[in-house]
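In case it helps, my numbering puts the sequence shown at residues 1439 to 1826. Remarks on the structure that follows.
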Amino acid sequence: MREDQIVNPWRVKATGSGDKTESLNYIKVIEQFGCQYITKEIVEKLKLCTNIPVHHFITRNIVFAHRDFEKILDMVLKNSGNFYLYTGRGPSSQSMHVGHAIPFLFCKYLQDAFNVPLVIQITDDEKFLWKNLTYENSLFYAKENIKDIIAFGFKPENTFIFTNTGFSHRFIENNLKIGKSVSFREAAKVFGFDENFSISQIEFPAKEISPCFSTSFKDIKFIKENSFCLIPAAIDQDPFFRLARDKANVINGRKPATVYSKFLPDLCGTDGKMSASDQNSAILLSDTKENIKKKIMKYAFSGGRDTLKEHREFGGNLEVDIPYHYLTYFLEDDEKLKKIAHEYSTGAMTSGEIKKICVDVLANFVESYQEKRKLVTDQCVSKFMSFE
1439 MREDQIVNPW RVKATGSGDK TESLNYIKVI EQFGCQYITK EIVEKLKLCT
1489 NIPVHHFITR NIVFAHRDFE KILDMVLKNS GNFYLYTGRG PSSQSMHVGH
1539 AIPFLFCKYL QDAFNVPLVI QITDDEKFLW KNLTYENSLF YAKENIKDII
1589 AFGFKPENTF IFTNTGFSHR FIENNLKIGK SVSFREAAKV FGFDENFSIS
1639 QIEFPAKEIS PCFSTSFKDI KFIKENSFCL IPAAIDQDPF FRLARDKANV
1689 INGRKPATVY SKFLPDLCGT DGKMSASDQN SAILLSDTKE NIKKKIMKYA
1739 FSGGRDTLKE HREFGGNLEV DIPYHYLTYF LEDDEKLKKI AHEYSTGAMT
1789 SGEIKKICVD VLANFVESYQ EKRKLVTDQC VSKFMSFE
């Protein structure tokens, strides 16, 4: 990975130069982390395992990398074992943004495709430790984000959502065994810890690793004993799960498998990922259509040319155009996307026109989501968090 590219669980940046046209080099990320590409052979195997179409995140190379995903698919084809899904969310704001939706949309697809259990870890402790939040704010954001997550449509009878502050003591055995096996030197190498980190921050990774193993969920009836774990996540989370695979033998567990997605970039350029900390660079799941329109039209980095004449002659640059990037995530119709790509890249479609299409697509997604979010009550939260 080039010297100034940073990809870790707490920071993602393509370059320190401030060049918004500088995209993350995912080839270098894979080389650094040592995971594998999702190949055509794996996609064909996935088709054999399910009765629904392969998700466009995979066919468009948005979910692009993995560790042992093919082993999970082989197990399904041979009917030789069980697995559950594990993902998470660090609640640092009252409303999630559309980038946060990506792993949950993909988890929803996997749960429906394989009819498997899902556990969702809410790392309210992590955000208290890393962000300028009070403990009370961390708990409040956790509850609001749990409601956000439920709105994606997971099956309550097969989904368990938990906060670290409320549940992690129940997998204290795994937590301690894993933590004991990791030296500070090893943790510093994997996560970049130094003398400026608090002792609680240094201890935290064991809590994110523990749910990779079914023995952490002895209280959850629908998690079968000795099940494999499949983790859909953004690629920056790989250091946690690479270490989990290394330490599986410490608790006689099975190495977790992973599938990794690329980052949804922020409005300002392709050099990083969307963050809720700057609301002008993020599309929030609570935004109105007018807010979305204002943000896209005013802030979305364009791959269009400097003049209309140049644009008609040379076309738009799809590699850096943020509205086009967003359409690859949220416009499910392949033919429409292909037509837009052709017209924009040849200059037949202007930057203003592709922005308007992007506004409509994102607004439709967010408004549909908001209708579902309104239906989530405190009783729904209790049902998803119950383990008795």
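In this text, a Cβ means the ideal position worked out from N, Cα and C, and glycines have one as well.
In terms of residues, what are the limits of the alpha helix (DSSP H) holding residue i?
| i | result |
| --- | --- |
| residue 1494 | 1494-1497 |
| residue 1808 | 1789-1811 |
| residue 1760 | 1760-1768 |
| residue 1677 | 1676-1684 |
| residue 1626 | 1622-1629 |
| residue 1819 | 1816-1823 |
| residue 1540 | 1536-1552 |
| residue 1470 | 1464-1471 |
| residue 1480 | 1478-1487 |
| residue 1778 | 1772-1783 |
| residue 1567 | 1562-1568 |
Using CA coordinates, which residue listed in the options is at the minimum distance from residue i?
| i | options | result |
| --- | --- | --- |
| residue 1446 | 1556, 1617, 1631 | 1631 |
| residue 1583 | 1756, 1528, 1792 | 1528 |
| residue 1798 | 1786, 1566, 1525, 1726 | 1726 |
| residue 1718 | 1475, 1702, 1736, 1711 | 1736 |
| residue 1405 | 1769, 1698, 1770, 1794 | This structure cannot settle anything about residue 1405, because the visible part of the chain is limited to 1439 through 1826. |
| residue 1524 | 1775, 1812, 1697, 1821 | 1697 |
| residue 1716 | 1530, 1587, 1773 | 1530 |
| residue 1806 | 1768, 1760, 1775, 1615 | 1768 |
| residue 1720 | 1639, 1804, 1749, 1653 | 1804 |
| residue 1654 | 1496, 1461, 1598, 1676 | 1598 |
| residue 1620 | 1676, 1643, 1607, 1634 | 1643 |
| residue 1551 | 1492, 1540, 1570, 1497 | 1492 |
| residue 1389 | 1824, 1770, 1791, 1813 | A query on residue 1389 cannot be resolved here, the shown segment of the chain reaching from 1439 to 1826 and no further. |
| residue 1671 | 1750, 1656, 1819, 1507 | 1507 |
Under 8 Å by Cβ, that's how I've got residue i and residue j pegged, so tell me the actual separation to the nearest angstrom.
| i | j | result |
| --- | --- | --- |
| residue 1612 | residue 1689 | 5 Å |
| residue 1851 | residue 1669 | The structure shown does not extend to residue 1851, since the chain is modelled only from 1439 through 1826, so no value can be given for it. |
With respect to the beta strand (DSSP E) encompassing residue i, which residues constitute its N-terminal and C-terminal limits?
| i | result |
| --- | --- |
| residue 1526 | 1521-1527 |
| residue 1517 | No beta strand (DSSP E) contains residue 1517, which DSSP labels as neither H nor E. |
| residue 1668 | 1666-1672 |
| residue 1502 | 1501-1505 |
| residue 1601 | 1597-1601 |
| residue 1639 | Where residue 1639 is concerned, there is no enclosing beta strand (DSSP E), although the alpha helix (DSSP H) it sits in stretches over 1637-1641. |
| residue 1451 | 1449-1451 |
(message) Under 8 Å, with one C-beta from each stretch per pair, do the stretch 1777-1793 and the stretch 1727-1745 reach the 3-pair mark?
(response) yes
(request) Could you name each continuous alpha helix (DSSP H) segment of 4 residues or more that falls completely within the stretch 1676-1751, going from the start of the chain to the end? (result) 1676-1684, 1727-1737
(request) Determine, using beta-carbon pairs with one atom in the stretch 1545-1563 and one in the stretch 1699-1714, whether at least three such pairs fall under 8 Å. (result) no
(message) Within 8 Å, do at least three Cβ pairs link the stretch 1643-1654 to the stretch 1499-1519?
(response) No: the two stretches stay apart, fewer than three of their Cβ pairs being nearer than 8 Å.
(request) Starting from the N-terminal side, write out each stretch of the alpha helix (DSSP H) that is 4 residues or longer and does not extend beyond the stretch 1572-1618. (result) 1573-1588, 1602-1605
(request) Report yes or no: do the stretch 1482-1489 and the stretch 1754-1772 share at least 3 C-beta pairs separated by less than 8 Å? (result) No: fewer than three Cβ pairs fall under 8 Å.
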